[in-house]
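Colleague:
2 protein chains.
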Amino acid sequence: MGTRAQVEIKRIVERLADAISEHRLPPGARLTEAKLVEVLGANRNHVRAALQKLASEYKVVTIVPNRGACVAQPTIKEAKDVFAARGIIERSIVELAIANLTAKNRNRLLKQLEKEDGAIKRGERQEMIRESGNFHRVLAQVAGNEVLDELLAGLITRTSLIIALYQETPNVQCSIEEHQALVDAILAGDRGQAQYLMDEHMATIQRYLLLDERPGEVDLQAALSES
Amino acid sequence: MGTRAQVEIKRIVERLADAISEHRLPPGARLTEAKLVEVLGANRNHVRAALQKLASEYKVVTIVPNRGACVAQPTIKEAKDVFAARGIIERSIVELAIANLTAKNRNRLLKQLEKEDGAIKRGERQEMIRESGNFHRVLAQVAGNEVLDELLAGLITRTSLIIALYQETPNVQCSIEEHQALVDAILAGDRGQAQYLMDEHMATIQRYLLLDERPGEVDLQAALSES
DNA sequence: GGCGATAGAATTGCTAACAATATTTTTAGC
DNA sequence: GCTAAAAATATTGTTAGCAATTCTATCGCC
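Top to bottom, those sequences are chains A and B. Going by full-length UniProt numbering, the first sequence opens with residue 1, and the numbers climb by one from there. Going by full-length UniProt numbering, the second sequence opens with residue 1, and the numbers climb by one from there.
1. What is the residue span of the beta strand (DSSP E) that Val71(B) lies within?
2. To the nearest angstrom, how far is it from the Cα of Leu211(B) to the Cα of Ile163(B)?
3. Assign Gly133(B) to buried or exposed, taking buried as 16 or more other Cβ atoms, counted over all protein chains shown, within 10 Å of its Cβ.
4. Can you tell which of Ala181(A), Gln206(A) and Ile156(A) has the C-alpha that lies nearest to the C-alpha of Gln195(A)?
5. Who pairs with Thr157(B) in a beta bridge, going by DSSP?
6. Given that a residue counts as buried once 16 or more other Cβ atoms are within 10 Å of its Cβ, and exposed if not, what is Asn145(B)?
7. Expressed to the nearest angstrom, what Euclidean distance is found between the alpha-carbon atoms of Ile63(B) and Arg11(A)?
8. Helix or strand or just coil, what does DSSP make of Leu182(B)?
9. Examine chain B for any beta-carbon lying closer than 9 angstroms to the beta-carbon of Val147(A), and answer yes or no.
10. Between which two residues does the beta strand (DSSP E) harbouring Val64(B) extend?
11. With a cut-off of 9 angstroms, does the C-beta of Ala49(B) fall near any C-beta of chain A?
12. If you scan the region 70-99 of chain A from start to end, which runs of the alpha helix (DSSP H) of 4 or more residues do you find wholly inside it?
13. Which residues share a DSSP beta bridge with Arg44(A)?
14. Note down the Cα distance separating Gly118(A) from Leu51(A), rounded to an integer number of angstroms.
15. Compare the C-beta of Ser92(B) against all C-beta atoms of chain A and say whether one is closer than 9 angstroms.
16. Would you please verify whether the beta carbon of Asp199(A) is less than 9 angstroms from any beta carbon of chain B?
17. Determine the extent of the alpha helix (DSSP H) in which Ala119(A) is found, giving its start and end residues.
18. Any beta carbon of chain B sitting closer than 9 angstroms to that of Glu78(A)?
19. Helix, strand or coil: how does DSSP classify Leu211(A) here?
20. Give me the residue from Met198(A), Leu209(A), Cys70(A) and Thr204(A) with the minimum Cα distance to Ile93(A).
21. Please go through the same chain and pick out, in chain order, the residues whose beta-carbon is closer than 6 angstroms to the beta-carbon of Phe83(A), but skip the five residues on each side of it.
22. Between the alpha carbons of Gln6(B) and Asn66(A), how many angstroms are there, rounded?
23. I want to know whether the region 100-113 of chain B touches the region 136-155 of chain B - three or more CB-CB distances under 8 angstroms.
24. Considering only heavy atoms of the ligand SAM, does any lie closer than 8 angstroms to the CB of Arg30(B)?
25. Run the CB neighbour count on Glu116(A), radius 10 Å, all protein chains shown included, and call it buried at 16 or more, exposed below.
26. How many whole angstroms separate the CB atoms of residue 236(B) and Val71(B), which I take to be in contact at a CB cut-off of 8 angstroms?
27. What three-state label does DSSP hand Leu51(B) in the structure shown?
28. Sorted by chain position, which residues of the same chain lie with C-beta nearer than 7 angstroms to Ala153(B)'s C-beta, five sequence neighbours on each side aside?
29. Can you tell me where the alpha helix (DSSP H) holding Ala188(A) begins and where it ends?
30. How many Å lie between Leu110(A) and Leu187(A) at the Cα?
31. Determine the chain A residues that contact residue 256(B) at a beta-carbon separation under 9 angstroms, and present them in chain order.
32. CB-CB under 8 angstroms to Leu161(B), same chain, minus the five flanking residues each way: which ones, in chain order?
33. List, in chain order, every chain A residue whose beta-carbon is nearer than 8 angstroms to that of Ala17(B).
34. Compute the Euclidean distance between the alpha carbons of Glu200(B) and Val147(A), then round it to the nearest angstrom.
35. Report all residues from its chain with a CB closer than 6 angstroms to the CB of Glu177(B); omit the five preceding and five following residues, and keep chain order.
36. Determine which residues of the region 134-160 of chain A have a Cβ less than 7 angstroms from any Cβ of chain B, and write them out in chain order.
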C-alpha cells in the first residue's frame with residue numbers, strides 16, 4: 001500500500017489506540033465510520049483499514065459484520081491471559097535490560113521517571129496514564145529486543161483497555177513509586193530484586209481489578225428466577 | 001468488515017503464511033497482486049488486505065510503496081530477537097502446560113507426537129514441517145493461555161521464514177526425538193527438566209543457522225576491490 | 001395500550017473504473 | 001555499438017458510487 005495511506009492509517013490507529021488507552025473511549029463505545037471520518041478528517045477507506053487493524057492485531061476493537069465497530073469488552077479469561085502474558089514478557093525484559101545497561105540507557109530510564117514525575121506534579125491525568133505506559137516501553141527499548149518491545153506494546157494497549165473495563169476505583173494504572181524502585185534495582189544490577197519488583201508491580205495493578213466474577217454474559221434466567 | 005471478506009482474507013493469509021513456513025515461497029520471492037489473484041482465485045482487494053496483514057502483523061512480507069510485495073528477508077538482528085522472544089514464551093508455556101495437565105491435554109500431546117511420527121515415516125517433507133510447527137501450537141493450547149498461543153503462532157511463522165533464509169543445511173526444523181523427550185518430561189511433571197529440554201530445543205534449531213556474519217547489505221566496494 | 005409488520009433511513013460492504021508510479025522496451029543520437 | 005531519452009507496458013494506489021444489511025420510526029391490528 002502506498003506510503004501515504006500507510007502513514008495515514010497508522011495515524012488513525014494511534015489516535016484511536018491512545019484514546020482507548022487513556023480511557024477517553026470507554027469499552028463498548030460505538031465507532032461509526034462516518035463519525036470517525038468527520039472527526040479525524042480522514043478517508044473512509046483509511047478509517048476502515050485502521051479499524052480492521054485495531055480489531056485483528058490489537059484486539060481493542062470488536063467488529064460485528066454489517067453492524068460496525070465498537071471498543072472491545074474483553075472477557076475475564078482474556079483479561080487474565082493478557083496479564084499473564086504481559087507479566088512473562090515484562091519479567092524477561094527486566095532481565096535483558098540489566099544485561100544491556102549502558103550510560104545512554106541509564107539516562108533514558110532516569111529521564112522517563114522525570115517525565116512521569118512532571119506529569120503527576122502538573123496533575124495532567126491523561127499525560128500520567130500515557131507516560132506510565134511509556135515507562136514500560138522505554139524499559140523494553142533498553143532491553144534491546146525489538147520483537148519483545150512490539151509484543152509488549154500491544155499488550156500494554158490491551159491492558160489499558162482491561163483496566164478501563166474492570167477497575168473498581170478510578171485510579172491511575174501504575175504508581176510512580178514502584179517505577180522508581182524498579183529503576184533503582186535495575187541500575188544497581190540487582191536482577192532478583194528487579195524481577196521481584198516487576199512481579200509485584202504487575203500484581204498490584206491486577207489487585208485493583210474485579211477479575212473474580214463475570215459481569216458480562218449473565219444468565220438472565222438464573223439471575224431473575226427468585227425475584 | 002463483512003464476515004465473508006474476513007474469512008476470505010484469512011484464507012489467503014493462511015495460504016501464504018503456510019507457503020512461506022513450508023519453504024515453498026523463498027525469502028525475497030515477489031508476490032504480484034495479479035498473480036495471486038489468478039492463482040488463489042481471489043478478489044484483488046482481498047489479496048491486498050492479506051498482504052497488508054502479512055506485512056504489518058506477521059512481518060513475513062515486505063511491501064515497498066508502488067513496487068509491490070515480496071517475501072521478507074529479516075536481518076540477523078531481527079532473527080536473533082525473534083528467537084529470543086520465542087524462547088522466552090516457549091519456556092513459560094512449558095511451565096503453564098505442566099500446571100494445566102488434564103487427561104484430555106495429555107492425550108492431545110501424545111496424538112500430536114503420533115502425527116509427527118506418521119509424517120516422518122511417510123516421508124512427507126512439507127507435512128513434517130507443518131506438524132513440527134503444530135507441536136508447539138498444541139503445547140501452547142495445552143498451556144491454556146490464548147494470548148500466548150497467538151503470540152507464539154506469529155513467532156513460529158517468523159521463525160520458519162528465518163530458517164529458510166539462514167539455514168546452512170537443508171534440514172528440517174525440529175527433531176521428533178526432542179519433542180518426544182519434552183513431552184515425556186511434561187507428562188512426568190518435571191518442570192526443571194522440561195524447561196531445560198525446551199531451552200536446548202530452541203538452541204539446537206539456532207545452532208544450524210548462520211547468524212554470525214551478515215550476508216545482506218554487503219559492501220560492494222569492499223567485496224570487489226581486490227578482484 | 002401492547003405487539004408485530006412494513007417502509008424509510010442510516011450504516012456498512014463491495015466492486016470496478018480511474019490515476020499514479022515504476023519497469024521495460026523502443027528509438028534516436030553520438 | 002553504446003548511452004540516454006522517451007514511449008509503452010505493467011503494476012500498484014485511490015476513489016466514488018452502488019449494493020446489501022441492519023436499525024428506527026411509523027402504522028395497522030389484536
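Here a beta-carbon is modelled for each residue, glycine too, at the ideal position from N, C-alpha and C.
Modeller: Once the coordinates are examined:
1. Gly68 to Val71
2. 10 angstroms
3. So Gly133(B) ends up on the buried side.
4. Ala181(A)
5. None; Thr157(B) has no bridge partner.
6. buried
7. 18 angstroms
8. helix
9. yes
10. From DSSP, the beta strand (DSSP E) with Val64(B) extends over Val61 to Val64.
11. yes
12. Qualifying alpha helix (DSSP H) stretches, in chain order: 76-99.
13. BP columns for Arg44(A) are empty, so no partner.
14. 33 angstroms
15. yes
16. no
17. Ala103 to Arg122
18. yes
19. coil
20. Met198(A)
21. Gln206
22. 12 angstroms
23. yes
24. Absence of the ligand SAM is noted for the structure shown, with no ligands found whatsoever.
25. buried
26. Outside the modelled stretch of chain B, which goes from 1 to 227, sits residue 236(B), for which no answer is possible.
27. helix
28. Taken in chain order, the residues that qualify are Arg137.
29. Run containing Ala188(A): none; DSSP gives neither H nor E here.
30. 10 angstroms
31. An answer regarding residue 256(B) cannot be provided, because it is not within the stretch 1 to 227 covered by chain B.
32. Ile20, Ser21, Pro27, Val60, Val71, Ala72 and Pro74
33. Correct list: empty, because the minimum Cβ distance to chain A is about 14 angstroms.
34. 21 angstroms
35. none
36. Within the region 134-160 of chain A, the qualifying residues are Asn145, Glu146, Val147, Leu148 and Leu151.
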